[in-house]
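In the working numbering, the protein residues as written are 740 to 1027.
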Amino acid sequence: MYGSLIIAYLFLGGAAAGALFVVSAWSFAFRHAEHPVRLRAAFESLRSRAYTVGFLLLAFAMVCLLGDLGNPGRALMVFFLPHPTVITFGAYTLAIESFLAALLLTASLPNSPLVFRERWLDIVEALCCIGALATMAYTGVFLFQGSIPLWNHWSIVALFLFSSLSSGVSVVLLIDWFTHGQSLLLRATKPLQVCHVACLVAEAVFLTLFVSAAFRNPSADASLDLLMTPEMLAIAGIGVIGMGIALPFTLETYSITRKECRAIPVSDFVCLLGGLCLRYCLITCGAH
């Protein structure tokens, strides 16, 4: 039940939803402000690529979740015979978010037959943001609703939400870098970097709350014993705290204080690796 496919689902699904939230919110704000023609053209290119990557990551996440179920019929039962459960909520959230992402992806393609008026595009992007928030939160609820003592604290939902949002920012910034290099659009990402720093701070706060709650829970002692082993502690310390929070925070803060744009987006690479380490540690130690 809680194996490598679930780790992949939690990571890919969270990063995908985070990226879709970021690009939809950025697109909404960008469209309602005045920008030079060159900057608008660059952003349209970024938007199309970001929706493509976000949709593909979400699709891969759903494949991992279905693969973990082992029986596609069980997934269909959730849709055709729904019950008011957390699993049903998650399934419909993923399906709706995938549909909205597909719509926005199609509309963002050059010469697309699907063209939204500005008002309708605002509505679809707002719905995509709401769906993305629900999808990110569900990656935490998915674990919280289980009977595993280590995960039995509400802070895991907030932790996964901000970790997913942080990963989503990194995905979009990486797409921006590889798409445009040293272009005008890179210089317009400073506010996004500020948001990334805020997400990292929130992630650190809720990680502290989660770990504190785990150490106060006697039922989680077996999981904590595994976490304290040298190999797992190294992954948690270097991967989760160092690469997932501390190093990206330091690099992003340094970049924000300088006038020039970032050189190489190291913080985004390590942030994604840290997000993967977080999910690996929680799944491995919780479901040992």
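Beta carbons: idealized from backbone N, C-alpha and C, even for Gly.
R1018 counts as buried, since no fewer than 16 other beta carbons sit within 10 angstroms of its beta carbon.
For L744, the uninterrupted alpha helix (DSSP H) segment begins and ends at 743-770. Around the beta carbon of L853, fewer than 16 other beta carbons sit within 10 angstroms, so the residue counts as exposed. Between L843 and E857, the CB-CB gap reaches or exceeds 8 Å. Restricting attention to L900, T824, Y831, the CA atom closest to the CA of F945 is found in L900. Contact between the segment 770-779 and the segment 901-919 is absent: fewer than three C-beta pairs spanning the two stretches fall below 8 Å.
In the same chain as A841, and ignoring 5 residues on each side of it, the C-beta atoms closer than 8 Å to its own belong to F794, in chain order. In terms of CA proximity to K929, W765 leads the group A758, A754, W765, Y748. S851 carries a coil assignment under DSSP once its states are collapsed to helix, strand and coil. In terms of Cα proximity to L889, the closest of C934, D915, C1020, V792 is C1020.
When Cβ pairs closer than 8 Å are counted between the two stretches, the segment 799-808 is seen not to touch the segment 940-957, the count staying below three. Assigned with DSSP and collapsed to three states, H935 falls in helix.
DSSP, reduced to helix, strand and coil, places I887 outside both helices and strands of the structure shown, so it counts as coil. For N956, the closest of A834, L882, I887, G742 by C-alpha to C-alpha distance is I887. The beta carbon of C867 sits closer than 8 Å to those of L759, F760, S763, E836, L839, A840, L843, all from its chain and outside the five residues before and after it, given in chain order.
Rounded to whole angstroms, the separation of the alpha carbons of A973 and V1009 is 15 Å.
Linking F954 to A961 through their CA atoms gives a straight-line distance of about 11 Å. Each residue's CA atom was taken as its position, placing F767 and W916 some 21 Å apart. Under the three-state reduction of DSSP output, P987 falls in the helix class. Within the same chain, G870, A873, T874, Y877 come within 8 Å of T832 by CB-CB distance, once the 5 residues on both sides are set aside. Just so you know, the alpha carbons of C938 and G1025 end up roughly 25 Å apart. Per the coordinates, the alpha-carbon of Q884 lies some 22 Å from the alpha-carbon of L965.
With at least 16 other beta carbons inside 10 angstroms of its own, S994 counts as buried. For M967, no alpha helix (DSSP H) segment is defined, and its DSSP state is neither H nor E. DSSP places E942 within a helical segment (H, G or I) once states are collapsed to three. The segment 820-877 contains no complete beta strand (DSSP E) run of 3 or more residues. Between the alpha carbons of V979 and N850 lies a gap of roughly 43 Å.
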